[in-house]
Every structure is written in C-alpha cells, then in structure tokens.
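Protein chains in written order, with my numbering: chain A, 16 to 130; chain B, 168 to 267; chain C, 822 to 1040.
Glycine included, every Cβ here is placed at the ideal spot set by N, Cα and C.
These notes concern the structure reproduced below.
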C-alpha cells in the first residue's frame, strides 16, 4: 500500500497540520453572491457541484493557500461555465473590459438590483 | 475477490488504486478493510459527473473502519472508528458477515 | 458613467444584516470576475437579479437555529428521534424544513459514543439545514487532523473525552451530509422545546462540543 503514487493535494485526511484556529468571519455580500451563483448554476442541469469540485482540485494547492474560499469558488464557477458552453472566453473577455471601464468599486460597476 | 455487492456487516476492502483524476475515496482509506455500516442505495457516479459526462448508476456504502486498521495499533485510540461513504467500484468483498 | 455614484443602492444592499459592506471598497480581481460572471449569466437568461437576491435570502434564512430546533424535538419526542435517525431528510420535511436535495444523516451521541463530522476532501456540510459552515471547518488543520487524532483536535475545541468513550469520526466523502444529535444535558427535565433548542449550538451539531448546560446548572 505504500507504493501508490499520485496523492492529490486536496486529499488531506491524516496529514500533519497546525492547530485548529477556532475563528469565523461574517460573509461579505459579494461572497454571498458567489454562493448564490453556485446554487443557481447547479439548478440549470448544465453545471454540477462535482464539476466545481474537480476544477477546484485542478486549480492546485497554491490556489488553496493564496486565495480565499469564495475567490476560489468564483474562479472555479467561471471555468465550469465556460466548459459547459454557457458563455465563451471571448464573451468573458469583453465583459471584463466592460466592467473595468465602469470604475473601481461595486458602487461604480454595479447598477443592477443585485449590485 | 468479486465485484462487491456487500450487505451490512460484510467485511470489505477499499481498492488500493490511485487513478489520476477526480475520485471520492480518500487516500488514507485505500487498501484498508472495514465493515459495511449501511447501504445508501444507487447514485450517479461523481467520477463521471465531475467531467460533465453522463454518469453510471453506482451503489454507495457507508463503511466503518477502526482507527487501528487505518493508522496502526499505536494510533491515538485503536478502537475509535471512522465512517466514510465509499462507492461499490472501490470495494472488494473480503468475507460476508451474513449467517450462511 | 464610470465613477458616478449609484443613484440608489440596491435593495439587497443593506437588507442583509451581518455581512460586511463591500460596496465602496476597491474591487479585487476576483470581485471583478464575480460581476462579469453574474452579468453574463443574466444576459444569457440563466438567472435574474431577483433570483440571485432570492437565493441569498434563502441561504441567509438557514441557520444553526433550524438544526437546534430539530435536535430539541428529537430530545423530547422519541418517535421523531427515531425518524431523524432513520431518514434525516424525511424528518426535516416533517418538521417543516425544506431539505432542498440535502440527504441528511443524523448520528447520535450516547454516554459511550461521541460522533464528530468532517469532510477531508473538500468542505461538505449540511448547509441546507445549518447554513454556511464556519471557516475552521473548511481549513487544512481540521480537515487533515480530525481523522487521525480526533481526541487531540476535540481538546483544542475544549472538549476532553474520557478514554472509555468511543469516538466515531464521520468523513462526508460522498452524498450524505451529517448532523450530530448531542446528548441532552443534565438538569433539563423541566425545559420546554424552545428552551432546549437554545442549548444546541452549531458546534455541538458538528460534534466539536457538547450541548450547553442550562444557565445556573452545576453537575
């Protein structure tokens, strides 16, 4: 059993780690929106939580170490939506340029009712 | 060894495989033997769903392992247990716990 | 119209007490991506702003208080307790809570057995019952160490278990989501269901603590 190769970084049960830090934080509103996008996308039949998990795993350990939980989620949600054909990378590029051109805060960039 | 179709109380061994891809069998349980705690019925195989593919129906089991089996007898408390859900294609039947 | 202040802040903004205000702070790269993804989903007809607001409200309404009421019911009603153990999702529905696809499996603490929940592969959690998980549940220390040295980890939460108690760790590796039915504390014989629910903390339903003792009670 000692010979298998290829343990993936996210499969962390049993590994050494520091003490549990019993802390929590209130979710920022944008984090709640990311969560809502996941719930809604999961209900379309064209996006599964299983895909989201696989993409999160494939983003690698450095993403786990350097990005917050919902940063990782929005990054992964985007990739699954592209894979599933919901929108193209070209459409995403144009949208990102459009959003950046509006300003530098949610207040600048979001006029919609969920902004 | 047969394709596992275990019942509660059967002894099962988790396959010691490590395919590079999305799987739901934790590394620390691979090659370990436990007892089927309950059957959870058929479900879609997440190893296919994870790639956006149509998925086969697979049976899911809850398997109970002793800490001694997983970590060795010098672990924190050998008789403490760990329960995990394992899909049938990751299980091999060791012996049945059924009266025969 | 870059840099114009919005004429009105969104109805959702400010409607959710307890989250941090991120409306006027500079956007991070990932927040910019969030805006882009959200607007694309709306433009593609996948969702609407109203649906997103409703999904946020729905999540905000789920909290450990729902789980606490479920546990209190199980403490006072043995038929319900057995139903919760046999089919957690059906028990939720009977109790008026919507599992929304959650497959709930309840495990019960007894004088000889202490249960505790983890998800080593990601951070699966009964969110449709208890709301979103605490940060520590999602982080490396808990996910890595609980399955190997549960007693040490529980001690870090302030829970010291006697050697004669069996610890059962449950790793949520697949479809089920778990809740611990903590032991009903001593000194609660005369308490109402609502009062009992007040003793059931989130952490006691994950299994990293016991239910609280009633105020003023000493063993």
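Who are the near neighbours of residue i in its chain, counting only those whose CB is closer than 7 Å to its CB and skipping five residues on each side?
i	result
residue 967/C	937, 939, 974 and 990
residue 889/C	1018 and 1021
residue 124/A	114, 117 and 118
residue 1012/C	1035
residue 917/C	none
residue 131/A	Outside the shown range of chain A (16 to 130) lies residue 131/A, about which nothing can therefore be said.
residue 945/C	993 and 998
Could you check which residue in the options has the C-alpha nearest to that of residue i?
i	options	result
residue 193/B	943/C, 956/C and 1018/C	943/C
residue 1022/C	1014/C, 1032/C, 857/C and 1016/C	1032/C
residue 858/C	65/A, 96/A, 84/A and 123/A	96/A
residue 196/B	229/B, 209/B and 213/B	229/B
residue 105/A	861/C, 848/C, 913/C and 876/C	861/C
residue 202/B	257/B, 186/B and 232/B	232/B
residue 302/B	1019/C, 1037/C and 997/C	Here chain B covers residues 168 to 267 and nothing more, so residue 302/B does not appear.
residue 1034/C	1007/C, 1018/C and 994/C	1007/C
residue 242/B	852/C, 970/C and 961/C	970/C
residue 931/C	983/C, 1014/C and 978/C	983/C
residue 893/C	1004/C, 855/C, 1036/C and 976/C	1004/C
residue 64/A	85/A, 46/A, 91/A and 35/A	91/A
residue 89/A	849/C, 848/C, 957/C and 854/C	854/C
In the DSSP output, which residue or residues are listed as bridge partners for residue i?
i	result
residue 997/C	924/C
residue 142/B	This structure leaves residue 142/B out entirely; chain B is present only between 168 and 267.
residue 260/B	179/B
residue 56/A	Its beta-bridge partners do not exist; DSSP assigns none.
residue 936/C	989/C
residue 1002/C	929/C
residue 232/B	249/B
residue 200/B	180/B
residue 120/A	847/C
residue 254/B	227/B
Excluding the 5 residues preceding and the 5 following residue i in the sequence, name in chain order all residues of the same chain whose CB lies nearer than 8 Å to its CB.
i	result
residue 880/C	948, 952 and 953
residue 965/C	941
residue 869/C	863
residue 87/A	71, 74, 78 and 79
residue 248/B	231, 232, 233 and 234
residue 978/C	1024, 1029 and 1030
residue 262/B	177 and 178
residue 1001/C	927, 928, 929, 930, 936, 937, 938, 1025, 1026, 1027 and 1028
residue 865/C	none
Just the C-alpha distance for residue i and residue j, rounded to the nearest angstrom, thanks.
i	j	result
residue 24/A	residue 76/A	6 Å
residue 101/A	residue 82/A	25 Å
residue 959/C	residue 56/A	22 Å
residue 905/C	residue 68/A	29 Å
residue 17/A	residue 184/B	In this predicted model, residue 17/A has a pLDDT of only 44, less than 50, meaning its place in the structure is not dependable enough to derive any value.
residue 259/B	residue 188/B	21 Å
residue 213/B	residue 93/A	20 Å
residue 928/C	residue 999/C	7 Å
residue 1025/C	residue 114/A	44 Å
residue 180/B	residue 1038/C	47 Å
residue 985/C	residue 933/C	7 Å
residue 895/C	residue 112/A	54 Å
residue 915/C	residue 909/C	10 Å
residue 955/C	residue 38/A	8 Å
residue 217/B	residue 1009/C	47 Å
residue 28/A	residue 48/A	30 Å
residue 246/B	residue 987/C	7 Å
residue 31/A	residue 962/C	8 Å
residue 887/C	residue 1015/C	11 Å
residue 885/C	residue 1027/C	10 Å
residue 972/C	residue 36/A	16 Å
residue 58/A	residue 182/B	33 Å
residue 847/C	residue 199/B	50 Å
residue 867/C	residue 874/C	14 Å
Report the CB separation of residue i from residue j in whole angstroms; it is logged as a contact under 8 Å.
i	j	result
residue 878/C	residue 121/A	Actually they do not touch by this definition, with Cβ atoms about 19 Å apart.
residue 992/C	residue 251/B	4 Å
residue 995/C	residue 191/B	5 Å
residue 98/A	residue 219/B	6 Å
residue 234/B	residue 222/B	About 33 Å; that fails the 8 Å criterion.
residue 175/B	residue 204/B	7 Å
residue 901/C	residue 911/C	With a Cβ gap of about 11 Å, residue 901/C and residue 911/C do not count as contacting.
residue 882/C	residue 950/C	With a Cβ gap of about 12 Å, residue 882/C and residue 950/C do not count as contacting.
residue 51/A	residue 876/C	4 Å
Given 6 Å as the limit, tell me if residue i has its C-beta closer than that to any heavy atom belonging to the ligand NAP.
i	result
residue 229/B	The ligand NAP is not part of the structure shown, which contains no ligands of any sort.
With a CB to CB cut of under 6 Å and the five nearest residues on each side skipped, what residues in its chain are close to residue i?
i	result
residue 22/A	none
residue 210/B	227
residue 46/A	85
residue 980/C	1030
residue 110/A	none
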